[in-house]
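Here is the structure we will look at, set down as C-alpha coordinates.
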Amino acid sequence: MIAYFTAGAFALLFLDYRTHFSSESLALLMRPVSSPWVALGPGLQIFRGMLIALALLPVRGFLYGKNGFLKLAWLVLGLSFISTIGPTPGSFDGYIYTILPVQYHLGGIPEAVLYTALFAGILAFWHKSGKRYVTVLSIVLVAVIVLFSVMGFLGAAQAE
(Lines of atoms letter the chains of each structure in order from A and count residues from 1; the text may use other names and numbers.)
(Lines give C-alpha, C1' and ligand atoms only; values in the text may rest on other atoms or scores of the structure.)
Protein backbone atom coordinates (compact mmCIF):
# COMPACT_ATOMS: atom_id res chain seq x y z
CA MET A 1 0.00 0.00 0.00
CA ILE A 2 2.89 2.35 0.77
CA ALA A 3 4.49 1.55 -2.60
CA TYR A 4 1.17 1.95 -4.43
CA PHE A 5 0.47 5.32 -2.81
CA THR A 6 3.99 6.61 -3.45
CA ALA A 7 4.00 5.52 -7.11
CA GLY A 8 0.50 6.95 -7.61
CA ALA A 9 1.43 10.29 -6.06
CA PHE A 10 4.53 10.39 -8.28
CA ALA A 11 2.40 9.69 -11.37
CA LEU A 12 -0.20 12.29 -10.44
CA LEU A 13 2.39 14.98 -9.80
CA PHE A 14 5.03 14.27 -12.44
CA LEU A 15 3.30 12.32 -15.22
CA ASP A 16 0.30 14.68 -15.46
CA TYR A 17 -2.36 12.02 -14.96
CA ARG A 18 -4.97 14.75 -14.47
CA THR A 19 -4.57 15.77 -18.13
CA HIS A 20 -4.20 12.22 -19.44
CA PHE A 21 -7.27 10.91 -17.60
CA SER A 22 -9.41 13.75 -18.98
CA SER A 23 -8.16 13.28 -22.56
CA GLU A 24 -10.58 12.10 -25.21
CA SER A 25 -8.91 8.68 -25.32
CA LEU A 26 -8.98 7.94 -21.59
CA ALA A 27 -12.01 9.90 -20.38
CA LEU A 28 -14.27 6.98 -21.32
CA LEU A 29 -12.09 4.55 -19.40
CA MET A 30 -10.78 6.40 -16.34
CA ARG A 31 -12.53 8.39 -13.64
CA PRO A 32 -11.42 12.01 -13.38
CA VAL A 33 -8.78 12.71 -10.72
CA SER A 34 -11.36 14.84 -8.88
CA SER A 35 -13.69 11.84 -8.40
CA PRO A 36 -14.37 10.81 -4.79
CA TRP A 37 -13.62 7.20 -5.80
CA VAL A 38 -10.16 8.16 -7.03
CA ALA A 39 -9.51 9.83 -3.68
CA LEU A 40 -10.71 6.72 -1.84
CA GLY A 41 -8.65 4.41 -4.07
CA PRO A 42 -5.42 4.43 -2.04
CA GLY A 43 -7.30 3.49 1.13
CA LEU A 44 -9.04 0.62 -0.63
CA GLN A 45 -5.65 -0.82 -1.61
CA ILE A 46 -5.62 -2.54 1.76
CA PHE A 47 -7.86 -5.18 0.16
CA ARG A 48 -5.58 -5.46 -2.87
CA GLY A 49 -2.67 -5.99 -0.49
CA MET A 50 -4.53 -8.82 1.22
CA LEU A 51 -5.15 -10.48 -2.15
CA ILE A 52 -1.49 -10.14 -3.13
CA ALA A 53 -0.45 -11.61 0.24
CA LEU A 54 -2.80 -14.56 -0.22
CA ALA A 55 -1.52 -15.14 -3.76
CA LEU A 56 2.13 -15.07 -2.64
CA LEU A 57 1.58 -17.18 0.48
CA PRO A 58 1.91 -20.60 -1.20
CA VAL A 59 5.09 -19.61 -3.08
CA ARG A 60 6.72 -17.41 -0.46
CA GLY A 61 9.68 -19.77 -0.12
CA PHE A 62 11.36 -18.36 -3.21
CA LEU A 63 11.46 -14.92 -1.56
CA TYR A 64 13.99 -16.12 0.98
CA GLY A 65 16.43 -17.55 -1.56
CA LYS A 66 19.18 -15.78 -3.46
CA ASN A 67 17.82 -12.70 -5.27
CA GLY A 68 14.33 -13.62 -4.07
CA PHE A 69 13.11 -10.06 -3.97
CA LEU A 70 14.41 -9.35 -7.47
CA LYS A 71 12.46 -12.41 -8.62
CA LEU A 72 9.42 -11.01 -6.83
CA ALA A 73 9.84 -7.65 -8.57
CA TRP A 74 10.05 -9.34 -11.96
CA LEU A 75 7.01 -11.52 -11.16
CA VAL A 76 4.94 -8.52 -10.05
CA LEU A 77 5.93 -6.45 -13.07
CA GLY A 78 5.28 -9.33 -15.44
CA LEU A 79 1.92 -10.42 -14.07
CA SER A 80 0.45 -7.09 -13.00
CA PHE A 81 1.59 -4.79 -15.79
CA ILE A 82 3.02 -6.48 -18.86
CA SER A 83 0.84 -9.59 -19.02
CA THR A 84 -2.50 -8.59 -17.56
CA ILE A 85 -5.62 -10.67 -18.09
CA GLY A 86 -7.30 -7.94 -20.14
CA PRO A 87 -6.14 -5.39 -22.70
CA THR A 88 -5.23 -2.59 -20.31
CA PRO A 89 -3.13 0.43 -21.29
CA GLY A 90 0.55 -0.51 -21.25
CA SER A 91 -0.01 -4.26 -21.29
CA PHE A 92 0.99 -6.59 -24.09
CA ASP A 93 -2.66 -7.13 -25.03
CA GLY A 94 -3.32 -3.41 -24.73
CA TYR A 95 -0.91 -2.69 -27.57
CA ILE A 96 -2.64 -5.29 -29.74
CA TYR A 97 -6.33 -4.85 -28.98
CA THR A 98 -6.87 -1.22 -28.03
CA ILE A 99 -6.86 1.84 -30.23
CA LEU A 100 -5.22 4.00 -27.61
CA PRO A 101 -2.32 6.10 -28.86
CA VAL A 102 1.12 4.69 -27.99
CA GLN A 103 1.85 7.54 -25.55
CA TYR A 104 -0.88 6.20 -23.22
CA HIS A 105 0.71 2.76 -23.24
CA LEU A 106 4.18 4.13 -22.60
CA GLY A 107 3.03 6.75 -20.09
CA GLY A 108 2.30 4.23 -17.35
CA ILE A 109 5.69 2.52 -17.48
CA PRO A 110 7.47 4.85 -15.02
CA GLU A 111 4.70 4.39 -12.44
CA ALA A 112 4.68 0.60 -12.89
CA VAL A 113 8.46 0.32 -12.57
CA LEU A 114 8.52 2.62 -9.53
CA TYR A 115 5.70 0.67 -7.86
CA THR A 116 7.41 -2.65 -8.54
CA ALA A 117 10.77 -1.46 -7.23
CA LEU A 118 9.22 0.07 -4.11
CA PHE A 119 7.02 -2.96 -3.44
CA ALA A 120 9.89 -5.45 -3.64
CA GLY A 121 12.34 -3.09 -1.93
CA ILE A 122 10.09 -2.25 1.01
CA LEU A 123 9.19 -5.91 1.47
CA ALA A 124 12.86 -6.93 1.34
CA PHE A 125 13.85 -4.21 3.80
CA TRP A 126 11.03 -5.17 6.18
CA HIS A 127 11.92 -8.86 5.98
CA LYS A 128 15.69 -8.49 6.31
CA SER A 129 15.65 -5.86 9.04
CA GLY A 130 13.52 -7.87 11.44
CA LYS A 131 13.15 -4.68 13.46
CA ARG A 132 9.92 -3.90 15.23
CA TYR A 133 10.17 -0.19 14.39
CA VAL A 134 9.89 -1.02 10.66
CA THR A 135 6.60 -2.82 11.28
CA VAL A 136 5.32 0.01 13.48
CA LEU A 137 6.36 2.62 10.92
CA SER A 138 4.61 0.65 8.17
CA ILE A 139 1.40 0.46 10.20
CA VAL A 140 1.54 4.21 10.90
CA LEU A 141 2.10 5.00 7.20
CA VAL A 142 -0.79 2.76 6.15
CA ALA A 143 -3.04 4.43 8.73
CA VAL A 144 -2.04 7.89 7.45
CA ILE A 145 -2.71 6.83 3.84
CA VAL A 146 -6.15 5.48 4.79
CA LEU A 147 -6.91 8.68 6.73
CA PHE A 148 -5.84 10.90 3.82
CA SER A 149 -7.83 8.74 1.45
CA VAL A 150 -11.03 8.99 3.50
CA MET A 151 -10.54 12.74 3.96
CA GLY A 152 -10.02 13.11 0.19
CA PHE A 153 -13.15 11.07 -0.48
CA LEU A 154 -15.26 13.18 1.88
CA GLY A 155 -13.85 16.43 0.48
CA ALA A 156 -14.37 15.38 -3.14
CA ALA A 157 -17.89 14.09 -2.40
CA GLN A 158 -18.79 17.38 -0.75
CA ALA A 159 -17.45 19.33 -3.74
CA GLU A 160 -19.67 17.40 -6.19
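In my numbering, each residue carries its 1-based index in the sequence shown increased by 11.
Beta carbons are placed, not taken as given, at the ideal position from N, Cα and C, and that holds for glycine.
Burial state of residue i, where buried means 16 or more other Cβ atoms lie within 10 Å
{"i": "Val155", "result": "exposed"}
{"i": "Glu122", "result": "buried"}
{"i": "Gln114", "result": "exposed"}
{"i": "Tyr75", "result": "exposed"}
{"i": "Phe136", "result": "exposed"}
{"i": "Glu162", "result": "Before going further, note that residue 162 is Met rather than Glu in the sequence given. Per the 10 Å Cβ criterion, exposed."}
{"i": "Ser160", "result": "buried"}
{"i": "Ile96", "result": "exposed"}
{"i": "Phe58", "result": "exposed"}
Residue span of the alpha helix (DSSP H) that contains residue i, given as start and end
{"i": "Glu35", "result": "Glu35 -> no alpha helix (DSSP H), and no H or E assigned at all."}
{"i": "Met162", "result": "Arg143 to Ala170"}
(request) Only counting runs of 4 or more residues, tell me where the alpha helix (DSSP H) segments fall wholly within the region 64 to 136, in order along the chain. (result) 79 to 88, 103 to 108 and 113 to 118
(message) So, does the region 29 to 36 touch the region 106 to 115, judging by three or more C-beta pairs under 8 Å?
(response) The answer is yes - the region 106 to 115 touches the region 29 to 36, with three or more Cβ pairs under 8 Å.
(request) Give a yes or no on contact between the region 138 to 149 and the region 49 to 69, applying the rule of three or more CB pairs nearer than 8 Å. (result) no
(request) Return the chain-ordered ranges of every beta strand (DSSP E) run that is complete within the region 20 to 62 and spans a minimum of 3 residues. (result) Taking only runs of at least 3 residues, no beta strand (DSSP E) segment lies wholly in the region 20 to 62.
(message) For the pair the region 145 to 160 and the region 25 to 33, tell me if three or more CB-CB distances fall below 8 Å.
(response) no
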